[in-house]
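Residue numbers (UniProt numbering): 1 to 152.
Right, here's the structure in full:
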């Protein structure tokens, strides 16, 4: 027997239960908690799965993809859809409705490439090294840096 999905009319649009996968820059487990709390307050969302190491958020529920991404973007600005075609459609729909303003568009390499993984490691290392700059160098600070870094 096939799984029957519920179709709900939301603001004149038919929306059915679906998975929404997003790539969200998560710098700490606190960011993960912020995303979960923001999405848990929405009606119609059944589950939120946050994968810190892949920088991926998966939402299952009766929701509109663009609405979910808009909520996540209020917490983490760099959020975008996991699939590039969905992200392009979202950008086009919001660029036509919003007044044109100069925005920075950075071209990121493909998610699975080694260049992308190297960039993520560099960013996490830069964050860890920034903690050292403000405090004198001692063993306690070094242990904190290595404990927070996921690259070791």
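Every residue, glycine too, gets a C-beta built ideally from N, C-alpha and C.
Bear in mind that the values here come from a model prediction, so they are computed numbers and not experimental data.
| request: Counting only runs of 3+ residues fully inside the UniProt domain "HMA" (17-80), write out the beta strand (DSSP E) ranges in chain order. | output: 45-51, 56-62
| task | Enumerate in chain order the residues of its own chain whose CB-to-CB distance from residue 29 is below 8 Å, with the five nearest sequence positions on each side excluded. | result | 52
| From this set, 43, 116, 115, which residue's C-alpha is nearest residue 71's C-alpha? | 43
| Top-ranked residue by Cα proximity to residue 73, from 46, 85, 23, 118 | 23
| query | So, helix, strand or coil for residue 139, using DSSP? | reply | helix
| Candidates 36, 20, 85: which alpha carbon is nearest residue 76's? | 36
| Between 32, 84, 64, 65, which lies nearest to residue 49 when the distance is taken from Cα to Cα? | 32
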